[in-house]
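Chemist: Count along the sequence shown from 1, then add 169; that gives the number in the working numbering.
Built from N, CA and C at the ideal position, the CB exists for glycine as well.
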Amino acid sequence: MKRLGNEPPQHLRTRILTLALLLGAGAVWVASACVLDSIDLERPGFPCNPDGSCRNGLVCEDGVCVRPPDAGSGTADGGPSDGGRRDAGRSDGGHPDAGAPDGGPGDGGPPDGGGNDGGPTVDGGPTCEPSGAMACRGCADGTPCTQASGGGVCLGQTCFDGCWVGGEAIPTGTTEPGNPCRVCDPRVSATAFTDLLDGTACTDDGNPCTADQCQMGACTHEAVQDDTPCPPDTNPCTEDLCRAGTCTHPPAAAGTACGASGQCDGSGNCSEGCDIGGTFYAAGTVDPNEPCRLCDPTQDAQGWTPRPDGTDCDDGDLCNGIYACQSGACVETSPAETCGTPPACHDAAGATCDPVTGTCTYPQSPDGTVCGPDSVCLAGSCQAGCYLSGAFYPSGTAHPSNPCLECDPLRSTTDWSSLADGTDCDDGDLCNGVATCQGGTCMASAGVVCEAPPTCRTAQGATCDPGTGECSYPPSPDGTSCGLGAVCVAGSCQAGCYISGIFYPPGASNPGDPCLACDPGQSTSAWSPSPDGTTCSVGFCVGGSCTPGDCYINGAVYASGQSDPTEECRYCHPSLSTTSWTTQADNTTCGSWDMGCCSGSCVSLGSNVNCGWCGNRCAFNEECLNGTCQPRGG
């Protein structure tokens, strides 16, 4: 580091350094043109004397000499300019001017040419003298003044009591803009704002539950300890305590006094009442366990007060008697209802009393309970009749299934009574005979027996109509024989055959064989041969068989064109008839040469009747010769 021409000699600098080490923060370096005129240990910010005294009008506070309250400019919080600065724990290590820039006063080392961070200098002017009678002569604005010259910074060739920050002169005690926890204190630093001591009050945030104090040069608002008292609200039954940085008002404990004679109810309400066993009761509240005691805070705010004797304490239940207070206890003054006299057909056991009306309700006696010489209980009412097998029957009611028994309560209310013997008990059924009572039982005469069914009816399963007394017989099975050549069909006897479950009238052909037919004269249950001559598929039936042919004449089958074996002039001509002979045409040759058919007979054509042809009759005087009529004798 370059040594200036007017810098103290080496031996003097050594003495100054030694003195600085001995005096600690009391020694300061001066700018290159300044000299150590004096080291005043009793300027503001320096330690007090061992006996706690200070000079120059200063007072000792916490071991540090400070100006009295009326001697210096105010701080941001209105206190002395030096009463709240940071003298310990600040960033410059505790030396009053340690915050000065390198080479300036108070930087803990010898000056190297003066100036403030390369700050103001006077080029070509007189040498800067920041001390002595010519303090700040020739010094640029902002050059720190020595303590001997009053401290501060040079401003207009004069030592100004303040700081030079950001190219501006700041009066001592002025707070940093926007930060109430940093202040201009040239005793600590003439070129920067100094942190106020931690715990110094700063701007109030309006929250009573935060501590507004400086911490490390910043205004903080940390929450105060929980349950720290805070401004009260208007409710005497709340506590006013800080909780988590907020002023809260939880309800005060029940029984806390409030008002003239009231107590807090534990819910934040002030009421006239009592605190009994840790529970608040409003004035006039009746003891929940004893209706003859109540809360009367004018008598006892911590316990129950007896109600006047004779006070009604009845619970409104007319069944358990009438009650009144005596010496704070509810006692019976009228007996309770016992419900001991039930009406007819009701029982005392299980009776209940209506607490509103005091009226007893009795359960009904069991149905059938005797309630008189000829009466029984029914649904709580006494009625003449019988109670049998769980059912009530009025007097005179007949037994539901025995007409010879009835309810006669004069004889018995619990059993059926018999009617007089001979009493008609007929049920109107003409099939079972006439009935009368005999010893309580209905006895009938002989009834209708259905055992004579008509033809094609059977007695098995027959029934009698109770309204008419007539029997109905079911039909006999179809096919049952009911006479010669007859069978039963749907309950009726008919001539015919019943074959394979089907009825066929007489003469009906077998559907599969026309040469078989129903002939009930032969059989009513099987097919019989059809009459010979019955047409069949290839001819005619003969003896139950189908015989080929075209005509059936006189019990024989003939082919078409075949002549009558007994008469040559008749033949089978099926297109004209299949059952009779067809006559050959007259004059058809038959027999010998001189014969011919005439009207179906083979006759001689040489007779006078048929001379030469049929019907050619010769006159009486003629005769037939060689097929012609010739005069006789001619």
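Between the Cα of residue 583 and the Cα atoms of 488, 554 and 600, which residue gives the shortest distance?
Modeler: Reading the sequence shown from its first residue, position 414 is the one you call residue 583. Checking every option, the nearest Cα to that of residue 583 belongs to 554.
Chemist: Nearer than 6 Å: is that true of the beta carbon of residue 608 relative to any heavy atom of the ligand COA?
Modeler: Questions concerning the ligand COA fall outside what the structure shown contains, since it holds no ligand whatsoever.
Chemist: Once the 5 residues before and after residue 720 are set aside, which same chain residues still bring their CB inside 6 Å of it?
Modeler: Taking the sequence shown and counting its residues from 1, the one referred to as residue 720 is at position 551. Excluding residues within five positions, the ones whose Cβ falls inside 6 Å are 727, 741, 743 and 747.
Chemist: Counting pairs of beta carbons, one from the stretch 402–420 and one from the stretch 373–380, are three or more of them closer than 8 Å?
Modeler: yes
Chemist: For residue 706, I'd like the list of residues in its chain whose CB is within less than 8 Å of its CB, leaving aside the five on either flank, ordered along the chain.
Modeler: On the sequence shown, residue 706 is found 537 positions in, with the first residue counted as 1. Only 683 and 715 meet the Cβ criterion.
Chemist: Where do the N-terminal and C-terminal ends of the beta strand (DSSP E) with residue 682 fall, by residue?
Modeler: The residue given as residue 682 occupies position 513 in the sequence shown. Its beta strand (DSSP E) spans residues 682–686.
Chemist: Can you give me the start and stop residues for the beta strand (DSSP E) that residue 764 sits inside?
Modeler: Walking along the sequence shown from the start, residue 764 turns up at place 595. Note, residue 764: beta strand (DSSP E), 764–767.
Chemist: On the criterion of 16 or more Cβ atoms from any shown chain inside 10 Å, does residue 604 qualify as buried, or is it exposed?
Modeler: Against the sequence shown, residue 604 aligns to sequence position 435. That one is buried.
Chemist: Taking residue 424 as the reference, give the member of 407, 418, 614 and 443 with the closest Cα.
Modeler: Locating residue 424 in the sequence shown gives position 255, counting from the first residue. When only C-alpha atoms are compared, the closest one is 443.
Chemist: Report the CB separation of residue 383 from residue 369 in whole angstroms; it is logged as a contact under 8 Å.
Modeler: If you number the sequence shown from 1, residue 383 lands on position 214. If you number the sequence shown from 1, residue 369 lands on position 200. Confirmed, about 4 Å.
Chemist: What is the C-beta distance between residue 665 and residue 675, in whole angstroms, given that I count them as a contact (C-beta under 8 Å)?
Modeler: Locating residue 665 in the sequence shown gives position 496, where the first residue counts as 1. Locating residue 675 in the sequence shown gives position 506, where the first residue counts as 1. About 6 Å; that satisfies the 8 Å criterion.
Chemist: Round the Cβ separation of residue 796 and residue 781 to the nearest angstrom and send it over; I've been treating them as touching at under 8 Å.
Modeler: Against the sequence shown, residue 796 aligns to sequence position 627. Against the sequence shown, residue 781 aligns to sequence position 612. Between residue 796 and residue 781 a beta carbon distance of about 4 Å is seen, short of the 8 Å cut, so the two are scored as contacting.
Chemist: Starting from the N-terminal side, write out each stretch of the beta strand (DSSP E) that is 3 residues or longer and does not extend beyond the stretch 613–690.
Modeler: With a minimum length of 3 residues, the continuous beta strand (DSSP E) runs that stay inside the stretch 613–690 are 650–652, 655–658, 661–664, 666–668, 671–673 and 682–686.
Chemist: Which same chain residues, not among the five before or five after residue 785, have their C-beta less than 7 Å away from its C-beta?
Modeler: Within the sequence shown, the letter at position 616 stands for residue 785. Cβ neighbours of residue 785 beyond the five flanking positions: 779.
Chemist: Can you list, in chain order, the residues of its chain whose CB lies under 8 Å from that of residue 544, leaving out five sequence neighbours each side?
Modeler: Working through the sequence shown from its first residue, we reach residue 544 at position 375. 551, 552, 553, 554, 578 and 582, listed in sequence order.
Chemist: Pull up the distance between the alpha-carbon of residue 651 and that of residue 643, whole angstroms please.
Modeler: Within the sequence shown, the letter at position 482 stands for residue 651. Within the sequence shown, the letter at position 474 stands for residue 643. Distance between the alpha carbons of residue 651 and residue 643 is about 15 Å.
Chemist: Within a Cβ cutoff of 6 Å, which residues of the same chain sit near residue 745, ignoring the five residues on either side of it in sequence?
Modeler: The residue you call residue 745 lines up with position 576 of the sequence shown. For residue 745, the CB contacts under 6 Å within the same chain, skipping 5 residues up- and downstream, are 751 in chain order.
Chemist: Taking 7 Å as the cut-off, decide whether the C-beta atoms of residue 606 and residue 596 are in contact.
Modeler: Your numbering for residue 606 matches position 437 in the sequence shown. Your numbering for residue 596 matches position 427 in the sequence shown. No.
Chemist: Contact between the stretch 479–490 and the stretch 517–530: three or more CB pairs below 8 Å?
Modeler: yes
Chemist: Going by DSSP in three states, residue 789 sits in which element: helix, strand or coil?
Modeler: Numbered from its first residue, the sequence shown carries residue 789 at position 620. Assigned with DSSP and collapsed to three states, residue 789 falls in coil, not helix or strand.
Chemist: If I follow the unbroken beta strand (DSSP E) through residue 740, where does it start and stop?
Modeler: Here the question's residue 740 lines up with position 571 in the sequence shown. Note, residue 740: beta strand (DSSP E), 736–742.
Chemist: Roughly how many angstroms lie between the CA atoms of residue 474 and residue 504, to the nearest whole one?
Modeler: Residue mapping note: residue 474 aligns to position 305 of the sequence shown, counting from 1. Residue mapping note: residue 504 aligns to position 335 of the sequence shown, counting from 1. If I take the Cα positions, the gap works out to 27 Å.
Chemist: According to the Cβ coordinates, are residue 654 and residue 690 closer than 7 Å?
Modeler: Against the sequence shown, residue 654 aligns to sequence position 485. Against the sequence shown, residue 690 aligns to sequence position 521. Yes. Within cutoff.
Chemist: DSSP on residue 701, reduced to helix/strand/coil?
Modeler: Locating residue 701 in the sequence shown gives position 532, where the first residue counts as 1. Of the three classes helix, strand and coil, the one that applies to residue 701 here is coil, per DSSP.
Chemist: Determine whether the Cβ of residue 770 lies closer than 7 Å to any Cβ atom of chain C.
Modeler: Annotation note: the requested chain C is absent from the structure, which comprises a single protein chain.
Chemist: Please name the residue in 527, 548 and 542 whose C-alpha comes closest to that of residue 534.
Modeler: On the sequence shown, residue 534 is found 365 positions in, with the first residue counted as 1. It is 548.
Chemist: For residue 804, which residues of its own chain have a beta-carbon under 8 Å away from its beta-carbon, when the five flanking residues on both sides are left out?
Modeler: Outside the shown range of the chain (170 to 803) lies residue 804, about which nothing can therefore be said.
Chemist: Decide if residue 711 is buried, meaning its Cβ has at least 16 other Cβ atoms within 10 Å, or exposed.
Modeler: The residue labelled residue 711 in the question sits at position 542 within the sequence shown. It counts as buried.
Chemist: Pull up the CB-CB distance for residue 538 and residue 576, whole angstroms please, since I reckon it's below 8 Å.
Modeler: In the sequence shown, counting from the first residue as 1, residue 538 sits at position 369. In the sequence shown, counting from the first residue as 1, residue 576 sits at position 407. So it is not a contact: roughly 17 Å between Cβ atoms.
Chemist: Can you give the Cα-Cα distance for residue 230 and residue 222, rounded to whole angstroms?
Modeler: Within the sequence shown, residue 230 is the residue found at index 61, counting from 1. Within the sequence shown, residue 222 is the residue found at index 53, counting from 1. Cα to Cα, the separation comes out at about 10 Å.
Chemist: Here's the rule I'm using: 16 or more other beta-carbon atoms within 10 Å means buried, otherwise exposed. How should residue 339 be labelled?
Modeler: In the sequence shown, residue 339 corresponds to position 170, counting from 1. Result: buried.
Chemist: Please name the residue in 405, 449 and 333 whose C-alpha comes closest to that of residue 428.
Modeler: Taking the sequence shown and counting its residues from 1, one reaches residue 428 at position 259. The residue with the shortest Cα to Cα distance from residue 428 is 405.
Chemist: Alpha carbon to alpha carbon, what distance is there between residue 731 and residue 694?
Modeler: Taking the sequence shown and counting its residues from 1, the one referred to as residue 694 is at position 525. Taking the sequence shown and counting its residues from 1, the one referred to as residue 731 is at position 562. Put simply, the backbone Cα of residue 694 is about 40 Å away from that of residue 731.
Chemist: Can you grab the Cα-Cα spacing for the pair residue 242 / residue 228, in whole Å?
Modeler: The residue labelled residue 242 in the question sits at position 73 within the sequence shown. The residue labelled residue 228 in the question sits at position 59 within the sequence shown. Here the model assigns residue 242 a pLDDT of 38, short of 50, so the residue's position is not dependable, and the following value carries that caveat. Each residue's alpha carbon lies about 16 Å from the other.
Chemist: Quick check: residue 332 and residue 359, are their CB atoms within less than 7 Å of each other?
Modeler: Numbered from 1 along the sequence shown, position 163 holds the residue referred to as residue 332. Numbered from 1 along the sequence shown, position 190 holds the residue referred to as residue 359. Against a cut-off of 7 Å, the Cβ pair of residue 359 and residue 332 comes out as a contact.
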